[in-house]
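What follows is one structure encoded as structure tokens, with my remarks underneath.
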Amino acid sequence: TTRTPAFLGLDKANQLLIESTAGASDVIVGVLDTGVWPESKSFDDTGFGPVPSSWNGTCEEGTNFTASNCNRKLIGARYFAKGYETTLGPIDVTRESKSPRDDDGHGTHTATTAAGSVVEGASLFGYAQGTARGMAPRARVAIYKVCWLGGCFSTDILMAMDKAIDDNVNVLSMSLGGGMSDYYKDSVAIGAFAAMEKGILVSCSAGNAGPSPYSLSNLAPWITTVGAGTIDRDFPAYVTLGNGQNYSGVSLFRGNALPGSLLPIIYAGNASNATNGNLCMMDTLIPEKVAGKIVLCDRGVSARVQKGAVVKAAGGVGMVLTNTAANGEELVADAHLLPATTVGQKSGEAIRKYLFSDPNPTATVVFEGTKVGIEPSPVVAAFSSRGPNSITPEILKPDIIAPGVNILAGWSGEVGPTGLSIDGRRVTFNIISGTSMSCPHVSGLAALLKAAHPEWSPAAIRSALMTTAYTSYKNGQSIRDVATGKPSTPLDHGSGHVDPVSALYPGLVYDLTVNDYLGFLCALKYTGAQISGLARRKFTCDPSKKYSVGDLNYPSFAVNFQSSGPTVVKYSRTLTNVGSAGTYKVSIKTETQAVKISVEPETLSFSQVNEKKGCTVTFTAVGSLPSDSNSFGRLEWSDGKHIVGSPIAFSWS
Amino acid sequence: ETNQRKTYIVHMAKSDMPASFEHHSHWYDSSLRSVSDSAEMLYIYNNVIHGFSTSLTAEEAQSLEGQPGVLSVLPEVKYELH
């Protein structure tokens, strides 16, 4: 967050933002995570007025945490452990705090990313130096600790959401997930439904199971699902081999560098008797073979930083960690305990080839610090979970991508930057990656939009973020997917990369009410008991009404053609004017000739704010593509000033 | 194994609460007592669902599912940070 505000254009639009979001200090962002490190400067409340009168929450006390740890910035903190303790036994307070205190770092990182105060001179060991700030630095923060050493349990998560609703948060940020069960069985989806009904936007991480298809979590349409992309910053650390070749990698190592001269390097698989010795797992390296050498380890199974610790414990002096096919060329930087760098799959293969061909291979690693202006950026992170939506294929997910790779934000004073127990270093900021990091970016931006437009529903805020997201670079080329090196698709990036300045004034929004979602549940053919369990009401679907999932007023389109099904699919949509009077014309782009798209009417005229106009989008399959294939398009409404864009994903099954 | 307790989230149809109960928590407690003398409520939820969480044996959970006003008895799920 020393870079992401600028990357998102928040710095250039400062005056516009100040004027638009003057009420931001009344907005409350709730974060369900591992708790909070209240001493972080990111929770400094200098300049904050009294706590908003709407606030009903509290600052719960417990291990090493008192009510005085809250202030006008960090206005609430609670913890929920009954479910955890029932399953795993009483919390061992010598190992973790039975209180809102964050012993892990993850919760402090996500909370400060969403809404941390401005902190000058932030860095991790000098890396990513700058002024750190959350996306909504004037918003208030409320912490709900639900994740513990043994995991995050659904009973606790549900209770935390219950309390957050009582407390009157405006945005809920949840960087966690739990598989892909039906919405009526998924506690996050259930809790989010109630939150949505109270006007709370729920932003969730999409998951880190990419680049496999169907790998998304948090798929309910009342949740904003956030994937991850890179920013224009990198931390290069080159590998120089004895044959004169250089290979680029990344690292956040700070400490005694390797000597300028070349050192012997060995492949971990050749320094171990274990069948998985190449992975540098605990106790698998033979000290006599690695002592004084750089070790080449393959990525996978164990934590990246753990591999460095294993090499160090065995007497190695450095490590080159190479991606495998699962990660491709994606470079995620780590604050290793020894001089180490991560290289992409291709570089790793080249280095391994050299090691196997040279009888006395040598190498060194050169750390270059922080580089900005990296292009292209953003690119979709390989780990970011991908569509299609495995529960409701007619709803395109993820909704959007945001910065989630190598993000600097606040950290716990209880743990080192690697999170390893043997890491005795303590830092106030750390750099980590995941959709956990992209989710709070969107949460904070949603808080900004809420401040600018307090009357907007969660669906309107999400629509604004989605329809103004971008899918191509300034040079016109499509956003890339690091997993393939090719242009990414709406199954990877959803509506595209978030553009908060454009989202402030989107022109039109696709709004949704609770009734729309109830109709959606009817379209899914949920039973009365399932709807009642999810939506807390006796609701009977009208047997005379034809419910269609495709008619949910979503800001994106996913159309599935089945070989035995209809070749004409109609989706209805309603647009709400949130700008000035104007006439919007539709335009359609598609990469396939197999589907014809028409919109009726093609022009929508709005004379006043909040005026609603409907349209029907007809997709006609005039050809067929092989089963399991996908194709994509885009539908845009424009009045010449605004572009209200929606991705279209076609699939054939 | 059949006596091993697991945690469940119990969804209740609040609209089906008999008039004889003054407060929904009493109704929840009565429903729970009908299948277990010893089970305790972990949480009573007021906003996100109508219901509560508790620890039950598989047999008790199955029995509770058949009680009037019980919509579903869903097992605890572990979520992970992303």
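Line by line, the protein sequences give chains Y and Z. Sequential numbering of the first sequence, starting at 3, is according to my numbering. Sequential numbering of the second sequence, starting at 5, is according to my numbering. Cβ coordinates follow ideal geometry from the N, Cα and C atoms, glycine included. Since we're looking at a predicted model, the values are computed, not measured.
Chain Y within 8 Å of residue i, Cβ atoms only
i: Z:E80; result: yes
i: Z:S40; result: no
i: Z:L46; result: yes
i: Z:Y49; result: yes
i: Z:H27; result: no
i: Z:A65; result: no
i: Z:L75; result: yes
i: Z:A43; result: no
i: Z:H30; result: no
Min CB distance residue i to chain Z below 8 Å
i: Y:D164; result: yes
i: Y:T470; result: no
i: Y:S189; result: yes
i: Y:C524; result: no
i: Y:M137; result: no
i: Y:G466; result: Residue 466 of chain Y is actually Ala in this sequence, not Gly. By this cut-off, Y:A466 is not an interface position.
i: Y:I167; result: yes
i: Y:L160; result: yes
i: Y:C149; result: yes
i: Y:A79; result: no
i: Y:A196; result: yes
i: Y:S207; result: yes
Rounded Cβ spacing between residue i and residue j (contact assumed at less than 8 Å)
i: Z:P72; j: Z:D20; result: 7 Å
i: Y:D513; j: Y:T578; result: 5 Å
i: Y:I167; j: Y:K200; result: 5 Å
i: Y:Y717; j: Y:A239; result: Only positions 3 to 655 of chain Y appear in the structure, and residue 717 of chain Y is not among them; the question remains open.
i: Y:G109; j: Y:G136; result: Y:G109 to Y:G136, Cβ: 14 Å. No contact.
i: Y:I296; j: Y:L265; result: 5 Å
i: Y:I267; j: Y:T157; result: The pair is not a contact, with the Cβ atoms about 50 Å apart (cut-off 8 Å).
i: Y:A453; j: Y:V29; result: 5 Å
i: Y:V173; j: Y:E331; result: The Cβ separation is near 34 Å, so there is no contact.
i: Y:A525; j: Y:Y507; result: Contact doesn't hold; Cβ gap of about 32 Å is too wide.
i: Y:F255; j: Y:P378; result: Contact doesn't hold; Cβ gap of about 26 Å is too wide.
Under 7 Å by beta carbon: chain Y residues contacting residue i
i: Z:H54; result: R538
i: Z:S57; result: G85, T157
i: Z:A62; result: Chain Y residues near Z:A62: none, gap ~15 Å exceeds 7 Å.
i: Z:S19; result: K540
Residues bridged to residue i [DSSP beta-bridge criterion]
i: Y:N248; result: Y:T242
i: Y:L178; result: Z:L85
i: Y:P266; result: Y:T364
i: Y:R142; result: Y:I30
i: Y:A230; result: Y:A404
i: Z:Y49; result: Z:G55
Cross-chain neighbours of residue i in chain Y, by beta carbon under 8 Å
i: Z:E84; result: G153, C154, L178, G179, G180
i: Z:T11; result: G85, T88, T89, F155, T157
Under 8 Å by beta carbon: chain Z residues contacting residue i
i: Y:N210; result: H86
Partners in chain Z for residue i, counting only beta-carbon separations shorter than 9 Å
i: Y:G438; result: The sequence as given places Ser at residue 438 of chain Y; Gly does not occur at that position. Going along chain Z in sequence order, the residues near Y:S438 (Cβ under 9 Å) are L85, H86.
i: Y:D553; result: Per Cβ cutoff of 9 Å: no residues; Y:D553 is ~27 Å from chain Z at best.
i: Y:A531; result: H15, A17, L75, S76
i: Y:L606; result: Within chain Z, no residue comes near Y:L606; the closest Cβ sits about 37 Å away, beyond 9 Å.
Listed by chain order, chain Z residues near residue i by CB distance under 7 Å
i: Y:L203; result: Near Y:L203 there are no residues of chain Z at all, since even the closest Cβ is about 16 Å away, more than 7 Å.
i: Y:I192; result: V52, I53
i: Y:S534; result: A17, L75
i: Y:H108; result: L85
Chain-ordered neighbours of residue i on chain Y, where CB pairs are closer than 9 Å
i: Z:S35; result: Chain Y residues near Z:S35: none, gap ~15 Å exceeds 9 Å.
Quick one: any contact between the region 282 to 302 of chain Y and the region 315 to 334 of chain Y, if contact means 3 or more CB pairs under 8 Å?
Enough Cβ pairs lie closer than 8 Å, so yes.
Report yes or no: do the region 426 to 446 of chain Y and the region 210 to 230 of chain Y share at least 3 C-beta pairs separated by less than 8 Å?
Result yes; three or more Cβ-Cβ pairs closer than 8 Å.
So, does the region 516 to 536 of chain Y touch the region 559 to 573 of chain Y, judging by three or more C-beta pairs under 8 Å?
Between the region 516 to 536 of chain Y and the region 559 to 573 of chain Y there are fewer than three inter-stretch CB-CB distances shorter than 8 Å, so the stretches are not counted as touching.
Tell me, please, whether the region 137 to 151 of chain Y touches the region 78 to 88 of chain Y by the rule of three or more beta-carbon pairs shorter than 8 Å.
As far as the Cβ criterion goes, the region 137 to 151 of chain Y touches the region 78 to 88 of chain Y, which means the pair count is three or higher.
Could you tell me whether the region 92 to 99 of chain Y touches the region 393 to 400 of chain Y, where touching means 3 or more Cβ pairs closer than 8 Å?
No: the two stretches stay apart, fewer than three of their Cβ pairs being nearer than 8 Å.
May I ask you to verify whether the region 538 to 546 of chain Y touches the region 491 to 498 of chain Y, counting CB pairs closer than 8 Å and requiring at least 3?
Taking 8 Å as the limit for Cβ pairs, the verdict is that the region 491 to 498 of chain Y does not touch the region 538 to 546 of chain Y.
Taking 8 Å as the cut-off, does the region 253 to 268 of chain Y touch the region 360 to 372 of chain Y (at least 3 CB pairs, one atom from each stretch)?
Contact between the region 360 to 372 of chain Y and the region 253 to 268 of chain Y is established, with three or more Cβ pairs separated by less than 8 Å.
Is the region 424 to 431 of chain Y touching the region 595 to 605 of chain Y, taking contact as three or more C-beta pairs under 8 Å?
With a cut-off of 8 Å, the region 595 to 605 of chain Y and the region 424 to 431 of chain Y do not count as touching, because too few Cβ pairs lie within range.
Check whether the region 327 to 347 of chain Y touches the region 269 to 289 of chain Y, taking contact to mean three or more Cβ pairs, one atom from each stretch, closer than 8 Å.
With the cut-off at 8 Å, the region 327 to 347 of chain Y and the region 269 to 289 of chain Y do not touch.
Is the region 646 to 654 of chain Y touching the region 31 to 38 of chain Z in the sense that three or more CB pairs, one from each, lie closer than 8 Å?
Contact between the region 31 to 38 of chain Z and the region 646 to 654 of chain Y is absent, because fewer than three Cβ pairs lie under 8 Å.
Given 8 Å, three or more beta-carbon pairs between the region 101 to 112 of chain Y and the region 63 to 79 of chain Y
Inter-segment contact for the region 101 to 112 of chain Y and the region 63 to 79 of chain Y is present: three or more beta-carbon pairs are separated by less than 8 Å.
Take every Cβ of the region 399 to 418 of chain Y, pair it with every Cβ of the region 383 to 390 of chain Y, and state whether three or more of those distances are shorter than 8 Å.
With the cut-off at 8 Å, the region 399 to 418 of chain Y and the region 383 to 390 of chain Y touch.
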